[in-house]
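Novice:
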Amino acid sequence: MAEPDLTATRLAGGPESPRLLVVGPSLGTSVEALWEATARRLAYDFEVVGWDLPGHGRSKPATGPFTVGELAAAVRRLAADVAGDRPAAYAGVSLGGAVALELALDPGVFTAVACIASAAKIGEPSAWHERAALVRKAGTPVMVSGSSERWFAPGFLMRDPATGTRLLLSLADADKDSYALACEALADFDVRDRLADATVPLLVAPGDQDVVISPHTARETTADRAPNSSMNVFTGCGHLPPAEDPDAVARALNDFATGGKR
């Protein structure tokens with residue numbers, strides 16, 4: 145296995161911004177579709193830089209297997225290249241949140257990390273291997289119908305069909321082999337027994353309507369195991385809070401990453 149080649153995209157702010165926030169995507173999404181609305185709300189205080197998973201959004205397809213730890217290593221390198229002397233924080237969703245937990249254990253330039261709609265163990269390995277096999281055979285469009293039910297809180301697709309459609313199209317456009325490799329990375333991911341060694345402030349932030357990772361699961365597997373963690377539950381959100389309620393996510397991240405200081 146080798147460190148993946150990730151493509152970074154500036155979503156808001158610039159090098160003159162006083163702080164850096166690196167944001168990561170959920171499996172099957174592009175970082176722009178997921179984070180753009182939240183990033184706009186953070187532009188006053190942060191340069192917001194997103195990264196795409198291999199074969200998703202702007203990133204090239206994967207050339208071989210990778211681990212969540214190797215994704216985190218690539219994100220650390222990306223952040224070191226752009227942070228300069230500025231404080232740097234990280235926030236990721238689902239698989240991007242799993243990366244957050246690896247960064248909490250080995251932060252590099254990051255001084256705070258946020259794990260959104262994620263946990264120290266996500267699902268069961270057998271289910272991830274089954275999904276990987278299905279997508280290799282049938283392609284990522286086979287996941288669209290189920291994801292439309294799992295990703296969003298009830299009623300979101302009616303309230304904001306444009307955002308929901310954009311996210312589901314990013315899933316359909318993802319490279320099937322890269323998606324399958326990401327599933328296999330999640331099958332091997334479990335940092336529950338390591339979180340006592342987390343060295344930076346950690347925000348654990350599930351959606352209260354998330355059917356993938358409930359607040360109870362996020363607390364039990366993650367927040368309760370990390371010594372410097374806090375919980376923030378996004379009311380009315382499913383599995384993709386930055387798209388579902390960008391105002392709430394922007395407020396939470398601004399308060400967390402700045403300590404309430406602007």
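Each residue of the sequence shown is one higher than the one before, starting from 145 at the first, in the working numbering. Idealized CB from N, CA, C, for every residue including glycine. The structure displayed is predicted, hence computed values, not measured ones.
Helix, strand or coil: how does DSSP classify residue 309 here?
Specialist: In the sequence shown, residue 309 corresponds to position 165, counting from 1. Three-state result, residue 309: helix.
Novice: Using only alpha-carbon positions, find the residue among 189, 341, 194 and 218 that is nearest to residue 178.
Specialist: Taking the sequence shown and counting its residues from 1, the one referred to as residue 178 is at position 34. Out of 189, 341, 194 and 218, 194 has the C-alpha closest to the C-alpha of residue 178.
Novice: Determine the extent of the beta strand (DSSP E) in which residue 381 is found, giving its start and end residues.
Specialist: Locating residue 381 in the sequence shown gives position 237, counting from the first residue. Residue 381 -> no beta strand (DSSP E), and no H or E assigned at all.
Novice: Could you check the C-alpha separation between residue 400 and residue 344 for me, to the nearest Å?
Specialist: By one-based count along the sequence shown, residue 400 stands at place 256. By one-based count along the sequence shown, residue 344 stands at place 200. Distance between the alpha carbons of residue 400 and residue 344 is about 12 Å.
Novice: With the cut-off set at 8 Å, would you say residue 265 and residue 151 are in Cβ contact?
Specialist: Along the sequence shown, read from residue 1 onward, the residue named residue 265 stands at position 121. Along the sequence shown, read from residue 1 onward, the residue named residue 151 stands at position 7. Against a cut-off of 8 Å, the Cβ pair of residue 151 and residue 265 comes out as no contact.
Novice: Three Cβ pairs or more, each shorter than 8 Å: is that satisfied between the segment 386-393 and the segment 281-291?
Specialist: No, because fewer than three Cβ pairs between the segment 386-393 and the segment 281-291 fall closer than 8 Å, the two stretches do not touch.
Novice: Going by C-alpha distance, which of 227, 348 and 398 is nearest residue 154?
Specialist: Looking up residue 154 in the sequence shown gives position 10. Closest option to residue 154, Cα to Cα, is 227.
Novice: Based on the DSSP output, what are the partners of residue 234 in its beta bridges?
Specialist: For the purposes of this step, residue 234 is taken as the residue at position 90 of the sequence shown. DSSP output for residue 234 lists 166 and 257 as bridge partner(s).
Novice: Quick check on residue 404: does DSSP put it in helix, strand or coil?
Specialist: Mapped onto the sequence shown, residue 404 falls at position 260. The predicted position of residue 404 is uncertain, since its pLDDT is 49 and thus under 50; a value taken from the coordinates is nonetheless stated next. In this structure, residue 404 counts as coil in the three-state DSSP scheme.
Novice: What do you get for residue 158, buried or exposed, if any count of 16 or more other CB atoms within 10 angstroms of its CB means buried?
Specialist: For the purposes of this step, residue 158 is identified with residue 14 of the sequence shown, where counting begins at 1. Under this definition residue 158 is an exposed residue.
Novice: Check whether the Cβ atoms of residue 244 and residue 270 sit closer than 8 Å, and answer yes or no.
Specialist: By 1-based counting over the sequence shown, the position of residue 244 is 100. By 1-based counting over the sequence shown, the position of residue 270 is 126. Not closer than 8 Å, so no.
Novice: From residue 341 to residue 162, what distance separates their C-alpha atoms?
Specialist: For the purposes of this step, residue 341 is taken as the residue at position 197 of the sequence shown. For the purposes of this step, residue 162 is taken as the residue at position 18 of the sequence shown. Their Cα atoms are separated by approximately 29 Å.
Novice: Are the CB atoms of residue 165 and residue 190 within a distance shorter than 8 Å?
Specialist: Sequence index remark: in the sequence shown, residue 190 carries index 46 (1-based). Sequence index remark: in the sequence shown, residue 165 carries index 21 (1-based). Yes, they are a contact pair.
Novice: What does DSSP give as the partner residues of residue 351 in its beta bridges?
Specialist: Residue numbering aside, residue 351 sits at position 207 when the sequence shown is read from its first letter. Bridge partners of residue 351: 378.
Novice: What are the start and end residues of the alpha helix (DSSP H) that includes residue 272?
Specialist: For the purposes of this step, residue 272 is taken as the residue at position 128 of the sequence shown. Note, residue 272: alpha helix (DSSP H), 269-282.
Novice: If you draw a straight line from the alpha carbon of residue 215 to that of residue 204, how long is it in whole angstroms?
Specialist: Translated into the one-based positions of the sequence shown, residue 215 becomes position 71. Translated into the one-based positions of the sequence shown, residue 204 becomes position 60. The alpha-carbon atoms of residue 215 and residue 204 are separated by roughly 14 Å.
Novice: State the start and end residues of the unbroken beta strand (DSSP E) segment that holds residue 156.
Specialist: For the purposes of this step, residue 156 is taken as the residue at position 12 of the sequence shown. Element bounds for residue 156: 152-156.
Novice: Do residue 369 and residue 336 have their beta-carbon atoms positioned less than 8 Å apart in this structure?
Specialist: Locating residue 336 in the sequence shown gives position 192, counting from the first residue. Locating residue 369 in the sequence shown gives position 225, counting from the first residue. Yes; because the gap between Cβ atoms is below 8 Å, this pair is in contact.
Novice: Quick check on this structure: which residue in 379, 339, 381 and 353 has the alpha carbon closest to the alpha carbon of residue 249?
Specialist: To locate residue 249, count along the sequence shown from 1; it is residue 105. The residue with the shortest Cα to Cα distance from residue 249 is 339.
Novice: Going by beta carbon distance, what residues of the same chain come within less than 7 Å of residue 406, once the five residues before and after it are set aside?
Specialist: Taking the first residue of the sequence shown as 1, we reach residue 406 at position 262. Only weak support is given to the placement of residue 406: the predicted model assigns it a pLDDT of 48, under 50, and the value that follows is read from those uncertain coordinates. Around residue 406: 189.
Novice: Within a Cβ cutoff of 7 Å, which residues of the same chain sit near residue 320, ignoring the five residues on either side of it in sequence?
Specialist: Mapped onto the sequence shown, residue 320 falls at position 176. 279, 280, 283 and 284.
Novice: In the DSSP assignment, the alpha helix (DSSP H) including residue 191 goes from what residue to what residue?
Specialist: For this step, residue 191 is matched to residue 47 along the sequence shown. First-last for residue 191: 190-195, but that is the beta strand (DSSP E), not the alpha helix (DSSP H).
Novice: Residue 229 to residue 294, Cα distance in whole Å?
Specialist: Counted from its first residue, the sequence shown places residue 229 at position 85. Counted from its first residue, the sequence shown places residue 294 at position 150. Cα-Cα distance, rounded: 40 Å.
Novice: Looking at residue 156: is its Cβ nearer than 8 Å to the Cβ of residue 187?
Specialist: Against the sequence shown, residue 156 aligns to sequence position 12. Against the sequence shown, residue 187 aligns to sequence position 43. In this structure, residue 187 lies closer than 8 Å to residue 156 by Cβ.
Novice: Between residue 330 and the rest of its own chain, which residues show a CB-CB distance below 8 Å, the 5 nearest in sequence each way excluded?
Specialist: Within the sequence shown, numbered from 1, the residue matching residue 330 stands at position 186. The answer, listed in chain order, is 171, 212, 239, 242, 266, 267 and 272.
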